[in-house]
Amino acid sequence: MSPDFVNLFLIGYRGAGKSGVGQLLAQRLGWHFIDADLLLERTHGKSIGAIFAEEGEASFRDKEEAILISLRELRNCVVATGGGVVLRESNRRRLRALGKVVWLMADVDTISQRLKNDLSNAQRRPDLTVGGITEIQENIAMREPLYQDCADVVVSTTGESIQGVVENLLQILDARFGQKGME
Ligand code: S3P
-5 MSPDFVNLFL
5 IGYRGAGKSG
15 VGQLLAQRLG
25 WHFIDADLLL
35 ERTHGKSIGA
45 IFAEEGEASF
55 RDKEEAILIS
65 LRELRNCVVA
75 TGGGVVLRES
85 NRRRLRALGK
95 VVWLMADVDT
105 ISQRLKNDLS
115 NAQRRPDLTV
125 GGITEIQENI
135 AMREPLYQDC
145 ADVVVSTTGE
155 SIQGVVENLL
165 QILDARFGQK
175 GME
């Protein structure tokens, strides 16, 4: 049985586990892993923090959209996207067209704790509004319908190990789309 998808896109808020889950998932599928934020930083030779500080968020969002467009020929890739990629309707349409979309969720306290533990946070995740837990709460409330709008599969990572999430996801993907044909 062949799967009816050619790529997997992981969406979800900062700290939801997209990069860790994406790397292991790609390994398990024998696919490539792409971190869209890392690709953006390498393409422009600057950290996301520097882009926000020097050019502003709108410029970052344009670059983020351009990176997504540049991925349109991809096949057999797991892509971890930036948490705000769903803000543009054009991006949500593109994600749906390019593969299956997996929304990784986590509760606010878990996200807050993971972001505090992540030393690369300041450069990769500049504050979007007021920072801290209030920013997380407000942004998640605002973005949830947007994540929902393009998600084919929704998985919680709260209290789960990366391995646990990946095993769960592989079972769901197999049941729904027959991913085992690619292993
Ligand atoms: C952002 C999330 C970040 C990065 C940028 C903006 C957001 O990616 O794209 O700082 O708007 O939530 P991660 O979700 O990988 O942290």
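Last residue of the sequence shown? That's 177 in my numbering, and every number before it is there in order. Just so it is clear, CB atoms sit at the ideal spot from N, CA and C, and this is done for glycine as well.
Query raised in the report: CA-CA distance, I130 and R22?
Result: In the sequence shown, residue 130 corresponds to position 136, counting from 1. In the sequence shown, residue 22 corresponds to position 28, counting from 1. Each residue's alpha carbon lies about 31 angstroms from the other.
Query raised in the report: Near S13, what residues of its chain come up, given a Cβ to Cβ distance below 7 angstroms and the 5 sequence neighbours on each side ignored?
Result: Along the sequence shown, one-based indexing puts residue 13 at 19. Closer than 7 angstroms at Cβ, skipping near neighbours: D29 and A74.
Query raised in the report: Using DSSP with H/G/I as helix, E/B as strand and the rest coil, what is V124?
Result: Within the sequence shown, the letter at position 130 stands for residue 124. In this structure, V124 counts as coil in the three-state DSSP scheme.
**Report entry** Whether N1 touches G93 by CB criterion (8 angstroms)
**Finding:** Translated into the one-based positions of the sequence shown, residue 1 becomes position 7. Translated into the one-based positions of the sequence shown, residue 93 becomes position 99. In this structure, N1 lies near G93, with their beta-carbon atoms less than 8 angstroms apart.
Query - CB contact flag (I105, R8, <8 angstroms) - result: Your numbering for residue 105 matches position 111 in the sequence shown. Your numbering for residue 8 matches position 14 in the sequence shown. Yes, Cβ-Cβ distance for I105 and R8 is below 8 angstroms.
Requested in this report: Helix, strand or coil for N1, going by three-state DSSP, please let me know.
Outcome: In the sequence shown, counting from the first residue as 1, residue 1 sits at position 7. Three-state result, N1: strand.
Requested in this report: Look at the Cβ atom of A10, then the Cβ atom of T151, and state whether they are nearer than 8 angstroms.
Outcome: As a working mapping, residue 10 is identified with position 16 in the sequence shown. As a working mapping, residue 151 is identified with position 157 in the sequence shown. It is a contact, given that the beta carbons lie within the stated cut-off.
Requested in this report: Compute the Euclidean distance between the alpha carbons of S114 and S41, then round it to the nearest angstrom.
Outcome: Within the sequence shown, residue 114 is the residue found at index 120, counting from 1. Within the sequence shown, residue 41 is the residue found at index 47, counting from 1. Spanning the two alpha carbons is a distance of roughly 10 angstroms.
Query raised in the report: Can you round the beta-carbon distance between R37 and I61 to whole angstroms, since I take them to be within the 8 angstroms contact cut?
Result: Within the sequence shown, residue 37 is the residue found at index 43, counting from 1. Within the sequence shown, residue 61 is the residue found at index 67, counting from 1. Before going further, note that residue 37 is Thr rather than Arg in the sequence given. In this structure, T37 and I61 form a Cβ contact; the two beta carbons are roughly 7 angstroms apart against a cut-off of 8 angstroms.
Query raised in the report: Leaving out the 5 sequence neighbours to the left and right, which residues in its chain are closer than 6 angstroms to L68 when beta-carbon positions are compared?
Result: By one-based count along the sequence shown, residue 68 stands at place 74. The answer, listed in chain order, is N1.
Query raised in the report: Is E127 near ligand 1, in the sense that its beta carbon is under 7 angstroms from a heavy atom of that ligand?
Result: Counting from one through the sequence shown, the residue named residue 127 turns up at place 133. Going by the sequence as given, residue 127 is Ile instead of Glu. Answer for I127: no, Cβ out of range of ligand 1.
**Report entry** Cα-Cα separation, H26 to A47
**Finding:** Sequence index remark: in the sequence shown, residue 26 carries index 32 (1-based). Sequence index remark: in the sequence shown, residue 47 carries index 53 (1-based). Each residue's CA atom was taken as its position, placing H26 and A47 some 31 angstroms apart.
Query raised in the report: Taking DSSP as the reference, what is the three-state secondary structure of A145?
Result: As a first step, residue 145 is located in the sequence shown; it is residue number 151 there, counting from the start. Judged by DSSP in its simplified three-state form, A145 adopts coil rather than helix or strand.
**Report entry** Close-in-space but distant-in-sequence residues of the same chain around R118 (CB under 6 angstroms, 5 per side omitted)
**Finding:** Within the sequence shown, the letter at position 124 stands for residue 118. Excluding sequence positions up to five before and after R118, its CB lies within less than 6 angstroms of the CB of I42, all in the same chain and listed in chain order.
Query raised in the report: If we ignore side chains and look at the alpha-carbon of each, how far apart do D103 and N111 end up?
Result: Taking the sequence shown and counting its residues from 1, the one referred to as residue 103 is at position 109. Taking the sequence shown and counting its residues from 1, the one referred to as residue 111 is at position 117. Rounded to whole angstroms, D103 to N111 spans 12 angstroms at the Cα level.
**Report entry** Rounded C-alpha distance that separates E49 from N85
**Finding:** Against the sequence shown, residue 49 aligns to sequence position 55. Against the sequence shown, residue 85 aligns to sequence position 91. Spanning the two alpha carbons is a distance of roughly 21 angstroms.
**Report entry** K94, DSSP secondary structure in three states
**Finding:** Counting from one through the sequence shown, the residue named residue 94 turns up at place 100. Judged by DSSP in its simplified three-state form, K94 adopts strand.
Query raised in the report: If you compare alpha carbons, which of I134, L140, D121 and V96 is closest to V149?
Result: In the sequence shown, the residue the question calls residue 149 occupies position 155. Closest by alpha carbon: V96.
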